[in-house]
Amino acid sequence: MAAKKMDALEGEMEQIRVKMEEKNFGMEENYSRMERKFTTAEGMLSSMENYFENMEDMMKKLIEMQSKASSAIPRADMKGKKVQEDDDEVESVLSQGPPRGFRWGIPKKRQQEKGKSVTTRPG
Numbered sequence: 001m002a003a004k005k006m007d008a009l010e011g012e013m014e015q016i017r018v019k020m021e022e023k024n025f026g027m028e029e030n031y032s033r034m035e036r037k038f039t040t041a042e043g044m045l046s047s048m049e050n051y052f053e054n055m056e057d058m059m060k061k062l063i064e065m066q067s068k069a070s071s072a073i074p075r076a077d078m079k080g081k082k083v084q085e086d087d088d089e090v091e092s093v094l095s096q097g098p099p100r101g102f103r104w105g106i107p108k109k110r111q112q113e114k115g116k117s118v119t120t121r122p123g
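With the UniProt record's numbering applied, the sequence shown corresponds to residues 1 to 123, in that order.
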């Protein structure tokens, strides 16, 4: 009778061992799945941080460009007029630039292709 009880207990112990191994395997799967999710989340977080850093840099550059453009507008309005600089009272005349519609080199090249003589602009 003791042998039967021993066999029954050994059978129960085997079943418990199998269940424990199944649960352990399930826990290992869950752990590895959680680890992958964590790694993915870390990657997403770092990419989002990089994204926001890039956006911040772009916004700074846009603000710089906007401030440069807004400071250039008064200069464009003053083209061809006398300008007084700060306290030095130095006057300078802004150059008129090339004639309207003239693009450097393009008309010259076209005229050369047609065989016409080309005059250079005095510089």
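Each residue gets a CB set at the ideal place from its N, CA and C atoms; glycine is no exception.
Residue i, DSSP secondary structure in three states
i: M27; result: helix
i: M48; result: helix
i: M1; result: coil
i: L9; result: helix
Residues of its chain near residue i, where Cβ-Cβ distance is below 8 Å and the 5 sequence neighbours each way are ignored
i: Y31; result: none
i: Q66; result: none
Own chain residues within Cβ distance below 7 Å of residue i, not counting five before or after
i: D57; result: none
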